[in-house]
Amino acid sequence: MGAQSLAVACGALALCLTLCAGATNPGFMVRITQAGLDYAHQLGIAMLEKELANVKLPDFSGDSRIQRVGKVHYELSRLDLHSFHLPYSRISLVPNVGLQVSITNAFAKVKGNWRWKLRFIRDHGSFDITVEDVNIKINLKLGNDASGKPTIDTSSCSTNVSKVRVRFSGRFGWLYNLFHERIGSKLREILEKKVCEIVAKSVRSNLQPYIQTLPVTAKIGAIAGVDYSLVGPPTATARSLDVPMKGEFFSVANRSAVPFSPLALTLPPDHDRMVYFGVSSYFFNTASFAYHKSGALVFEVTGSMISKGANFHLDTTTFSAFIPQLEEMYPDMQMKFRIFAPSPPFLSIGAGGLLIKPVLDIQAYAILPNSSLAPLFLLSMTSNVSAVISVKSGHIIGNLKMGRVKLSLEHSDVGSFQVETLQSIIHFFASSILVPRINDRLGQGFPLPMPKGIQLSDIIVQFHQNLLLLGADIRYQPRV
1 MGAQSLAVAC GALALCLTLC AGATNPGFMV RITQAGLDYA HQLGIAMLEK ELANVKLPDF
61 SGDSRIQRVG KVHYELSRLD LHSFHLPYSR ISLVPNVGLQ VSITNAFAKV KGNWRWKLRF
121 IRDHGSFDIT VEDVNIKINL KLGNDASGKP TIDTSSCSTN VSKVRVRFSG RFGWLYNLFH
181 ERIGSKLREI LEKKVCEIVA KSVRSNLQPY IQTLPVTAKI GAIAGVDYSL VGPPTATARS
241 LDVPMKGEFF SVANRSAVPF SPLALTLPPD HDRMVYFGVS SYFFNTASFA YHKSGALVFE
301 VTGSMISKGA NFHLDTTTFS AFIPQLEEMY PDMQMKFRIF APSPPFLSIG AGGLLIKPVL
361 DIQAYAILPN SSLAPLFLLS MTSNVSAVIS VKSGHIIGNL KMGRVKLSLE HSDVGSFQVE
421 TLQSIIHFFA SSILVPRIND RLGQGFPLPM PKGIQLSDII VQFHQNLLLL GADIRYQPRV
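In the working numbering, the protein residues as written are 1 to 480.
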């Protein structure tokens, strides 16, 4: 290969590495469907209607020459926009661009005072203005800031006022009606500018702060947290708005890089609900990694944890039935199990649900009379564990169910014995003590990323390859 060809190859490789480094697959995806946007749009339009009803219109004045009358100087003041109605509007997805809000046939009413001067004649009175057939088009640009929070801004706005009807009262109100078109034109110009100013202000002061209440991180007790920061801007498609998130757990005490990457996450084309949450196996496996790193996947089982109704006790007398030498080496002593995961247990998601195949080590000890521990044996336990998933109060709730266990002897300090004879008793300890302790934590749930005041209803749970799909309708309940 010549020097020029080598340079081209190196350049192509560098470009590939740059593009690949910049591409980050989400571990979690939020999809807002057209139905969800329509619901949010209703709330937004109601808020915008209130904002527009409080528009402060400026006083204005001018001169107008009327045939056979002369030049009239007029002033309009205390313009009160006492109503602004937006009866017809819709929100549309613009693929690869953002959102567009179209408002048609809006109307408003304005009251105020007038004053005019013709040579040495003066008069004043009041007026009523009806503004009809107002059409507004707003384009919204979506993005994400450096902290991973979503952003929204008005990329463009246009307002067209088709009809302005002006009616003046007073002794010489007829005089104003002679040149009302000029006044109507001026008021039309003011309104068209003011409406877009109010729209931009409302987006910045109301909508932007609200969407930024979406949590970037959520603390899960004292041990772990989950990172919901956006890994890219929200993407508009023909039928939905997709928000890609990191979806990564981390240890609060010692956050470090996860040694594996998320796979590409593709949501099925479901659009029956207002919002969907796409949860990948990466999300759950980073939870396993974080809890393992923090030392939370270590459990100790003692005799006090066994219910009084059980037919056996955690002591050498009971276990000597399976390991006869215990009665001779450590007669009538309490025992203790230390159960831990030598590596983070990973799960897989398929059409049948969530499946975990954890490998757990069980170190057995005899508790000596002086309370010190004498190691007895180390077992390796494997089992098929399935997870039942539900959603409660905006949290993902899990419940584990353990299948049959398989044991192997890793080390023994008491001589050889038949490991198979321990399978039933170890299964009892794992299913009646270990699993309930884990389920107590999973029952507290992991919060879904939602802005303030959002509640979920009509929730569905589906399983796909590498994907847990949660669908729901939403309701906004502002906190008092």
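By construction, the Cβ of each residue, glycine as well, lies at the ideal position given by its N, Cα and C atoms.
Does the beta-carbon of Leu43 have 16 or more other beta-carbons within 10 angstroms, so that it is buried, or is it exposed?
Classification of Leu43: exposed, given that the 10 Å Cβ count is below 16.
Touching by the beta-carbon criterion (3+ pairs, under 8 angstroms), the region 424-431 and the region 395-414
Yes, they touch.
What separation, rounded to the nearest whole angstrom, lies between the Cα atoms of Pro150 and Ile190?
Put simply, the backbone Cα of Pro150 is about 33 angstroms away from that of Ile190.
How would you call Ile183, buried or exposed, if buried means at least 16 neighbouring beta carbons within 10 angstroms?
By the 16-neighbour rule on beta-carbons within 10 angstroms, Ile183 is buried.
To test your reading of the DSSP string, which unbroken alpha helix (DSSP H) runs of 4 or more residues are found completely within the region 127-185?
Within the region 127-185, the complete alpha helix (DSSP H) runs of at least 4 residues are 173-177.
To the nearest angstrom, how far is it from the Cα of Leu347 to the Cα of Pro95?
Their Cα atoms are separated by approximately 35 angstroms.
Excluding five sequence neighbours on each side, which residues of the same chain lie with their C-beta closer than 7 angstroms to the C-beta of Pro369?
If we look at Pro369 and ignore the five residues flanking it on each side, it has no Cβ neighbours.
Closest residue to Gly143 among Ile136, Ile129, Val97 and Trp116 (Cα-Cα distance):
In terms of Cα proximity to Gly143, the closest of Ile136, Ile129, Val97 and Trp116 is Val97.
Return the bridge partner residues of Ser77 from the DSSP annotation.
Among the bridge pairs identified by DSSP, Ser77 is matched with Asn113.
Looking only at C-alpha atoms, which of Pro268, Lys163 and Leu99 sits nearest to Gly471?
From the listed residues Pro268, Lys163 and Leu99, the smallest Cα separation to Gly471 is found for Pro268.
Cβ distance (whole Å) where Ala224 is taken to contact Tyr291 below 8 angstroms
Taking C-beta atoms under 8 angstroms as the contact rule, Ala224 and Tyr291 qualify, at a distance of about 6 angstroms.
I think Ala27 touches Thr302, with their Cβ atoms under 8 angstroms apart; what is that distance to the nearest whole Å?
In the sequence under discussion, the amino acid at residue 27 is Gly, which differs from the Ala named in the question. About 37 angstroms separates the CB atoms of Gly27 and Thr302; that is not less than 8 angstroms, and the two are not in contact.
Could you tell me the distance, in whole angstroms, from the CA atom of Val203 to the CA atom of Glu49?
Taking the straight line joining both Cα atoms gives about 13 angstroms.
Since Phe463 and Gly352 should fall inside the 8 angstroms C-beta cutoff, what is the C-beta to C-beta distance between them, to a whole number of angstroms?
Contact check for Phe463 and Gly352: beta-carbon distance about 7 angstroms, within the 8 angstroms limit, so the pair qualifies.
Using a threshold of 8 angstroms, state whether the C-beta atoms of Pro244 and Gly232 are closer than that.
Yes. Within cutoff.
Report all residues from its chain with a CB closer than 8 angstroms to the CB of Gln4; omit the five preceding and five following residues, and keep chain order.
Its pLDDT being 43, under 50, Gln4 is placed unreliably by the model, and the measurement read from it follows with that caveat. Excluding the 5 residues flanking it on each side, Gln4 has no same chain C-beta neighbour closer than 8 angstroms.
In the DSSP assignment, find the beta strand (DSSP E) that holds Leu347 and state where it starts and stops.
First-last of the beta strand (DSSP E) with Leu347: Leu347 to Gly350.
Which complete alpha helix (DSSP H) runs does the region 425-479 hold, if anything under 4 residues is left out?
DSSP runs (the alpha helix (DSSP H)) wholly in the region 425-479: 435-442.
Length of the line joining the Cα atoms of Ile129 and Phe107:
Approximately 11 angstroms, taken between the alpha carbons.
Only counting the same chain, and skipping five residues up and downstream in sequence, which positions put a Cβ closer than 8 angstroms to that of Leu140?
Excluding sequence neighbours, Leu140 sits near Gly98, Leu99, Gln100, Val101, Ile152, Asp153, Thr154, Ser155 and Val203.
Should Gly247 be flagged as near chain D, meaning a C-beta pair shorter than 8 angstroms?
Of the protein chains in the structure, only one exists, and it is not chain D.
Select from Ala296, Phe337 and Val275 the residue whose C-alpha is nearest the C-alpha of Ser457.
Closest by alpha carbon: Val275.
Let's test the definition: count the other Cβ atoms within 10 Å of the Cβ of Ser261 and tell me whether it reaches 16, buried, or not, exposed.
With fewer than 16 other Cβ atoms from the protein chains shown falling within 10 Å of its own Cβ, Ser261 counts as exposed.
At the level of alpha carbons, what is the spacing between Glu516 and Gln455?
Since the first and last residues shown for the chain are 1 and 480, residue 516 lies out of range.
Indicate whether Ala236 and Leu93 have their beta-carbon atoms separated by less than 8 angstroms.
Cβ distance < 8 angstroms, so Ala236 and Leu93 count as in contact.
Which stretch, first to last residue, makes up the alpha helix (DSSP H) that contains Pro494?
Residue 494 is absent from the model: the chain starts at 1 and stops at 480.
Can you name, in chain order, every residue of its own chain whose Cβ lies under 8 angstroms from the Cβ of Ala218, other than the five neighbours on each side?
Cβ neighbours of Ala218 beyond the five flanking positions: Gly225, Val226, Tyr228, Phe446, Pro447 and Pro449.
Inspect the beta-carbon positions of Leu81 and Ile103 and report whether they are closer than 8 angstroms.
Against a cut-off of 8 angstroms, the Cβ pair of Ile103 and Leu81 comes out as no contact.
Can you have a look at Pro478 and say buried or exposed, based on whether 16 or more other CB atoms are within 10 angstroms of its CB?
With fewer than 16 other Cβ atoms within 10 Å, it is exposed.
Alpha-carbon to alpha-carbon, Ser294 and Leu265:
Approximately 28 angstroms between the Cα atoms of the pair.
Can you list, in chain order, the residues of its chain with a C-beta nearer than 7 angstroms to that of Ile220? Leave out the 5 residues immediately preceding and following it.
Within the same chain, Val226 and Phe446 come within 7 angstroms of Ile220 by CB-CB distance, once the 5 residues on both sides are set aside.
Check the DSSP bridge columns for Gln363 and list the partner residues they point to.
Per DSSP, Arg338 and Leu378.
C-alpha distance - Ala23 paired with Gly247, whole-angstrom precision:
Residue placement at Ala23 is flagged as unreliable, the pLDDT there being 48, under the threshold of 50; the coordinate-derived value follows with that caveat. If I take the Cα positions, the gap works out to 15 angstroms.
Go ahead and pull the three-state DSSP assignment for Gly303.
In the structure shown, Gly303 sits in a helix (DSSP, three-state: H, G or I).
What three-state label does DSSP hand His411 in the structure shown?
DSSP places His411 in strand when its eight states are reduced to three.
Considering Leu355, what are the terminal residues of the beta strand (DSSP E) in which it resides?
For Leu355, the enclosing beta strand (DSSP E) covers residues Gly353 to Ile356.
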